[in-house]
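*Asks:*
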Amino acid sequence: MKVFIAEDELPALENLKMCLNSVGNNIEIAGTAGSVMQSLQWLNTHPLPDLILMDIHLSDGLSFHIFKEGQVNCPIIFTTAYDKYMIEAFEYNCIDYLLKPVDAGRLSVALNKYKNLQQHFINNYTSIIDYLQNSKKNKSRIIVKKGTEFLSLKLDDILYFFTEHKLVFAVDKDNRKFLCETGSLADVEAMLDETKFFRANRKYIVNADYITKFKSIDKSKINVELALPLNEEIIVSQENAASFKKWISEV
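Per full-length UniProt numbering: the sequence shown = residues 1 to 251.
Now the structure itself:
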């Protein structure tokens with residue numbers, strides 16, 4: 001386990017190092033810093049550690065500023081002489097909050113909490129991924145609007161989604177156009193089964209069941225034709241052409 005320590009008081013830093021050495025021999029101190037600026041510099045120039053031990057009061061201000069200036073996506077154990085920052089600390093990846101002086105026993109409990117959480121997510125990773133994928137595959141309808149009425153439309157009946165003037169529309173197999181209640185085309189894409197729908201470009205998402213043919217055009221782009229005629233061509237960019245061919249071959 002690689003640990004980064006943000007602590008501006010030398011005695012407290014040495015105490016943390018001693019406690020870490022006493023609770024496990026598989027812990028590596030990846031780096032240390034005594035200020036917000038030093039911490040940001042280290043975090044921006046090194047791979048993220050597995051865990052951070054972070055004092056709330058650093059030499060140039062509260063360590064919470066680290067999270068406002070950069071992305072820190074790893075668990076944090078905060079250490080401080082004050083308990084008034086406890087609620088705010090748990091807004092920043094905090095898994096425990098240790099009051100100084102930190103002792104080896106209390107730190108060991110916090111490290112075990114980290115290990116248990118880590119093991120939980122490792123053990124459940126496959127089931128979480130399956131759930132996310134199945135939640136898309138099992139979704140069979142979308143709420144759309146036609147005039148003043150709301151309708152529940154089968155996703156299987158939708159040829160394509162498109163965006164226009166910051167609104168998202170769905171067109172069904174009968175060439176009827178509906179307004180989607182979803183905020184953006186990206187929001188629609190996130191809820192669809194990617195084995196059936198493909199984001200062709202910034203304007204269109206197409207349904208594989210209604211693609212009649214496609215062909216390569218200039219600079220390796222792809223022109224996609226659907227079962228119903230459109231007022232404009234649906235073009236898959238050169239960058240997405242390979243992904244489209246792979247997707248359509250696996251449908």
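The beta-carbon is built from N, C-alpha and C at its ideal position, and this holds for glycine as well.
Using the Cα positions of residue 66 and residue 116, report the straight-line distance between them to the nearest angstrom.
*Replies:* 26 Å
*Asks:* Could you spell out the range, first to last residue, of the alpha helix (DSSP H) harbouring residue 12?
*Replies:* 10-23
*Asks:* Short check: CB of residue 159 to CB of residue 168, under 8 Å?
*Replies:* no
*Asks:* Roughly how many angstroms lie between the CA atoms of residue 46 and residue 221, to the nearest whole one?
*Replies:* 39 Å
*Asks:* Are there 16 or more other CB atoms within 10 angstroms of the CB of residue 202, so buried, or fewer, so exposed?
*Replies:* exposed
*Asks:* Tell me whether residue 209 sits in a helix, a strand or coil according to DSSP, three-state version.
*Replies:* Three-state result, residue 209: helix.
*Asks:* Residues in its own chain within less than 6 Å of residue 30 by CB, not counting five upstream and five downstream?
*Replies:* 2, 4 and 49
*Asks:* Report the option in 245, 105 and 91 whose CA atom is closest to the CA atom of residue 22.
*Replies:* 105
*Asks:* Can you check which of these residues, 176, 161 and 195, is closest to residue 260 by C-alpha distance?
*Replies:* With the chain covering 1 to 251 only, the question about residue 260 has no answer from this structure.
*Asks:* Between the segment 183-200 and the segment 136-151, do three or more beta carbon pairs fall short of 8 Å?
*Replies:* At 8 Å Cβ cutoff, the stretches touch.
*Asks:* Please give the ranges of any alpha helix (DSSP H) in the UniProt domain "Response regulatory" (2-115), keeping only runs that are unbroken, at least 4 residues long and fully inside the region.
*Replies:* 10-23, 36-45, 64-69 and 86-89
*Asks:* With H, G and I counted as helix, E and B as strand and the rest as coil, what does DSSP make of residue 188?
*Replies:* helix
*Asks:* Using the three-state DSSP reduction, which class does residue 223 fall into: helix, strand or coil?
*Replies:* Here residue 223 carries a strand assignment [DSSP, helix/strand/coil].
*Asks:* State the Cα-Cα distance for the pair residue 61 and residue 84, rounded to the nearest angstrom.
*Replies:* 16 Å
*Asks:* Pull up the distance between the alpha-carbon of residue 231 and that of residue 241, whole angstroms please.
*Replies:* Our two residues, residue 231 and residue 241, have alpha carbons roughly 22 Å apart in a direct line.
*Asks:* For residue 251, is the classification buried or exposed, using 16 other Cβ atoms within 10 angstroms of its Cβ as the cut-off for buried?
*Replies:* exposed
*Asks:* Looking only at its chain, what residues have a beta carbon closer than 8 Å to the beta carbon of residue 72, apart from the 5 residues adjacent to it on each side?
*Replies:* 43, 48, 52, 66, 92 and 93
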